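Colleague: Here you go, one structure.
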Amino acid sequence: MSTVVPTKFSRRSFLRTSSLASGGMLIGFNFFTACKDTVKMPVDIAKLNYNDFNAFIKISDEGMVTIFSPNPEIGQGVKTSMPMIIAEELDVPWENVNVVQGILDTQNYTRQVAGGSQSIRFGWDALRQTGATARQLLVNAAAARWGVDPSECSAKQGVITNAKGETLGYGDVVKEAALLQIPESEGEVEEGKSENPEFKDEKSEAVTAAIKLKDPSEYTIIGTDVGNVDIDEIITGKPLFGLDYKTEGMVYASVLRPPAFGQVLESYDDTAAKAIPGVIDVIMFGEKAKALLNKEAAEINWTAKLASTDKVAVIAENSWAAIKGKKALKAVWSDATPLENTQAHDKILTDLLDGNEFKSLRKDGDVKKAFRQADKVVERTYESPFLPHNTMEPMNFFADVQDSKILLVGPVQTPADAAVTVAEMLNRDEKDIRLEMTRMGGGFGRRLYGDFVYEAAEISDKIGKPVKMFSTREDDMMTGVYRPAIKYRIAASIKDGEITGYRLKEAAINGNMYGLIPNFFPAGAIENYQVDVANYNSNITTGAWRAPYTNFLSYAEQAFLDELAEITEKDPVQMRLDLLEKVKGTTDDRIQYSAERLQDVLKLAVEKSMYREPKEGVFQGVCAYYCHNTHVAEVADVVMEGDQPVVKKITVAVDCGIVINPLGAKNQIEGGAIDGVGHSMYGDFAFENGMPTSNNYDKYRLIRMNETPVVETHFVKNTLSPTGLGEPTLPPAGAAVAIAIKKATGNRLYKQPFANNMNSKPILG
């Protein structure tokens with residue numbers, strides 16, 4: 034049975050349904066107003082006329098607010114959460130906010146980067162001050178109109194009120210407020226004082242004496258669930274992503290790159306390609322990118338090796354013609370450097386671990402002495418393969434290089450670096466470049482590297498037309514940037530049942546862990562502690578992959594600690610808590626983590642997962658880890674189905690400070706944990722004669738929907754400044770799963786992916 038009842042129009046929809054107690058459906062639609070031609074449709078706040086206020090904020094006469102989100106949106110939710118911070122301090126209703134992606138603007142924005150889970154952490158103070166400053170200037174303008182002191186006025190939910198109870202909306206005074214000078218100040222606002230010196234806002238600092246940042250207890254937006262501002266466009270297929278971008282007169286370019294790492298172009302035959310209907314031209318390009326690499330300032334280009342050869346671009350009227358044209362090309366490649374393979378890499382990394390050529394990144398006490406005096410020394414080796422990024426949206430970018438200006442549009446995690454490099458490559462002034470960011474269909478570190486931007490720019494410069502350079506899935510997997518293959522060898526000395534020494538050796542392809550990582554737990558908890566690194570210089574391009582280095586290191590170290598607990602007959606949770614206890618009160622400023630916060634998340638995860646009272650047939654592994662400024666603990670639940678261990682649940686405890694948007698935070702946490710489980714279980718990637726052995730999803734194994742565990746999230750509640758969430762929950766997942774699988778099967782895992790090594794024999798003692 035259906036019933037028609039009057040209801041209001043909502044801003045986003047005109048039809049709503051709800052379940053009746055009887056099981057029927059209640060359909061609400063107001064025919065009485067819908068049939069009247071004088072009834073106004075709901076206002077689309079995106080189409081109102083807005084008055085400029087500052088680089089972040091525009092306010093309409095109606096009091097609606099447009100807030101520009103400065104950082105690239107990669108799926109981590111900053112296009113929603115960063116404007117939430119401004120709106121909170123501006124004190125406007127969230128439903129009155131229209132969010133727009135900002136363009137690259139190095140004059141008004143700082144650190145427009147999506148990487149390292151740092152956007153919120155670095156933006157927190159500056160964004161709060163931006164909103165609070167605007168609020169105070171609006172109050173000052175209203176006070177001037179009333180002829181009263183601003184201290185007699187207050188602002189709340191977009192309305193300014195004076196002592197008499199008179200009110201003005203933000204829209205009523207926005208034009209006057211935008212003309213006011215920011216008050217001078219010699220002081221700093223203590224609540225908003227940033228610990229990040231690179232994120233300074235001179236205007237914000239100047240007004241701090243006249244503004245007051247909110248206490249967390251006053252928040253009405255921060256800490257509430259807010260839906261993704263792009264969700265309607267995403268689910269209805271509206272243009273948002275780089276591949277969606279089109280403009281008049283645009284052509285498409287598909288690029289033929291070397292089929293193997295170490296090869297360069299000798300010659301090509303484009304006869305068959307030009308015969309494809311829709312193909313406009315075939316060009317060779319790359320000389321400008323190569324010339325840039327030969328300059329001493331080549332370090333501005335993060336992806337040097339991807340530009341070390343000429344390439345061929347098929348220019349076409351549409352993407353399909355460009356793809357067909359590229360397949361029809363006949364190219365001759367020569368070997369400039371030896372073609373590498375995974376089997377050789379495996380031996381190279383083992384030889385590095387066996388050798389003596391290491392660089393020490395941290396060295397406490399005397400590890401050799403601790404090992405000599407030990408009752409027992411335990412040593413294990415952990416191995417991980419290369420991994421591709423496999424973003425859902427392949428690499429692409431739009432470029433329109435003209436004589437007087439350059440327009441760049443697309444998905445990139447480092448827009449400023451991309452613009453600087455294009456200017457350098459084309460010998461142009463950076464101020465003549467406009468770079469617009471689109472939403473990204475995934476990045477995971479791949480889009481930190483702007484090779485696809487440089488390709489689009491050089492092609493457009495050469496053909497004199499606006500062009501969309503796009504890659505296929507095969508292009509991305511065969512000619513991309515990869516997580517480096519790494520081996521860790523970890524040794525610990527045990528004396529009288531206690532860990533007295535710890536040495537970690539890393540052998541990696543193309544570079545080693547960055548400087549902060551050796552100062553993560555268990556650094557500081559073991560008196561004699563040493564981290565040494567060595568690397569092999571490969572022609573295979575490697576780079577940051579979601580949670581660089583820690584994505585594998587967490588598994589190696591935490592699985593090793595679990596084995597030490599077994600050997601010393603200690604409870605693995607209590608052993609970690611005891612180790613962390615030794616770090617409390619440390620004066621070692623190299624230590625990056627908080628022992629107290631890491632203990633808190635560990636205790637919370639243990640409690641919420643019922644780790645002390647597991648269900649029959651459920652085997653649990655626990656991991657506590659710190660990376661990317663966030664403390665995380667995870668407990669994996671594994672059950673045996675037949676003779677196979679199956680991951681059923683991941684319980685996650687997180688301390689990321691103040692949670693801006695719990696809904697978005699949980700999305701990141703769940704995605705990170707599932708990604709960590711999937712890649713540690715199944716992720717495998719190999720090379721043969723310089724070529725990847727997988728070029729699409731038919732050969733590259735990802736976690737399936739029916740294999741994804743339930744992820745249950747719990748936050749440690751505090752009012753500390755927020756940290757990042759895009760990466761920190763991925764590294765602990767692999768460790769928790771490996772430890773749980775050991776309990777379920779009796780076998781310890783020392784090599785990823787786990788699915789390939791389930792039947793390895795256990796190592797005892």
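Positions 34 to 798 (the numbering used here) are the ones given, in order, by the sequence shown. In this text, a Cβ means the ideal position worked out from N, Cα and C, and glycines have one as well. Here the structure is a predicted model, which is why all the values come from computation and not from measurement.
Beta-carbon separation of Phe391 and Gly534 under 8 Å?
Modeller: no
Colleague: Okay, do the stretch 568-575 and the stretch 597-617 touch, 3+ Cβ pairs below 8 Å being the bar?
Modeller: no
Colleague: Give the C-beta separation of Lys409 and Ile527 to the nearest angstrom, bearing in mind that I take them to be a contact with Cβ-Cβ under 8 Å.
Modeller: 5 Å
Colleague: If we call anything under 8 Å between Cβ atoms a contact, is Ala211 one with Asn129?
Modeller: no
Colleague: Touching or not, the stretch 152-171 and the stretch 200-211, by the rule of three or more beta carbon pairs under 8 Å?
Modeller: yes
Colleague: Of all the options His422, Gly270 and Ile244, which has the alpha carbon lying nearest to the alpha carbon of Ser184?
Modeller: Ile244
Colleague: Using a Cβ-Cβ cutoff of less than 6 Å, which residues in the same chain neighbour Val125 once the five nearest sequence positions on both sides are dropped?
Modeller: The residues are Val98 and Gly191.
Colleague: Specify, as a first and last residue, the run of the alpha helix (DSSP H) that Met502 falls within.
Modeller: Premise fails: Met502 lies in the beta strand (DSSP E), Val500 to Phe503, not in any alpha helix (DSSP H).
Colleague: In chain order, what residues of the same chain have a beta carbon less than 7 Å from the beta carbon of Ala777, not counting five sequence neighbours either side?
Modeller: Result list for Ala777: Phe652, Val671, Met673 and Pro678, in chain order.
Colleague: Is the stretch 763-775 touching the stretch 678-688, taking contact as three or more C-beta pairs under 8 Å?
Modeller: yes
Colleague: How would you call Ile268, buried or exposed, if buried means at least 16 neighbouring beta carbons within 10 angstroms?
Modeller: exposed
Colleague: What does DSSP give as the partner residues of Leu563 in its beta bridges?
Modeller: First, the residue type needs correcting, since residue 563 is Gln and not Leu in the sequence shown. Per DSSP, Lys396 and Arg536.
Colleague: Run the CB neighbour count on Asp494, radius 10 Å, all protein chains shown included, and call it buried at 16 or more, exposed below.
Modeller: buried
Colleague: DSSP on Thr778, reduced to helix/strand/coil?
Modeller: helix
Colleague: Taking the C-alpha atoms as reference points, what is the distance between Glu640 and Glu703?
Modeller: 19 Å
Colleague: Does DSSP put Phe652 in a helix, in a strand, or in coil?
Modeller: strand
Colleague: Which of helix, strand or coil does DSSP assign to Gln785?
Modeller: It is coil, neither helix nor strand.
Colleague: Helix, strand or coil: which one does DSSP assign to Gly61?
Modeller: Note that Gly61 scores 31 on pLDDT, short of 50, meaning its location in the model is unreliable and no value can be drawn from it.
Colleague: Select from Glu469, Asp436 and Ser437 the residue whose C-alpha is nearest the C-alpha of Ala452.
Modeller: Glu469
Colleague: Would you check if there are 3 or more beta carbon pairs closer than 8 Å linking the stretch 759-769 to the stretch 685-702?
Modeller: yes
Colleague: Between which two residues does the beta strand (DSSP E) carrying Ser187 extend?
Modeller: Ser187 to Lys189
Colleague: On the premise that Val692 lies in contact with Ala638, defined as a C-beta separation below 8 Å, what is that separation, rounded to the nearest angstrom?
Modeller: Wrong, their Cβ atoms sit about 17 Å apart, outside the cutoff.
Colleague: Measuring CA to CA, which of Gly108, Gly148, Lys344 and Phe86 is closest to Ala165?
Modeller: Nearest C-alpha to Ala165: Phe86.
Colleague: Going by the CB atoms, is the gap between Leu394 and Val24 shorter than 8 Å?
Modeller: Residue 24 cannot be examined here, being either before or after the span of the chain that is shown, 34 to 798.
Colleague: Let me know the secondary structure DSSP gives Trp578 once reduced to three states.
Modeller: coil
Colleague: Specify the secondary structure class of Gly149 as computed by DSSP and reduced to three states.
Modeller: coil
Colleague: Pick out whichever of Tyr415, Ala286 and Pro103 has its Cα sitting closest to the Cα of Val486.
Modeller: In terms of CA proximity to Val486, Ala286 leads the group Tyr415, Ala286 and Pro103.
Colleague: In the DSSP assignment, what residue or residues form a beta bridge with Arg413?
Modeller: Ile523
Colleague: Who are Trp366's beta bridge partners in DSSP?
Modeller: Leu298
Colleague: Figure out for me which residue from Lys498, Thr663 and Cys656 has the closest Cα to the Cα of Gln607.
Modeller: Cys656
Colleague: Glu209 bridges to which residues according to DSSP?
Modeller: Partner(s): none; Glu209 has no beta bridge.
Colleague: Kindly confirm or deny that the stretch 252-262 and the stretch 108-119 touch, where touching means at least three C-beta pairs closer than 8 Å.
Modeller: yes
Colleague: Between the stretch 426-436 and the stretch 582-596, do at least 3 Cβ pairs fall closer than 8 Å?
Modeller: no
Colleague: Rounded to whole angstroms, what is the Cα-Cα separation between Pro292 and Asp450?
Modeller: 27 Å
Colleague: To the nearest whole angstrom, what separates the beta carbons of Val347 and Ala306, a pair I think is in contact under 8 Å?
Modeller: The beta carbons of Val347 and Ala306 sit about 6 Å from each other, so the pair counts as a contact at 8 Å.
Colleague: Check whether the Cβ atoms of Ser587 and Ala768 lie closer than 8 Å to each other.
Modeller: With contacts defined as CB atoms closer than 8 Å, Ser587 and Ala768 qualify as a contacting pair.
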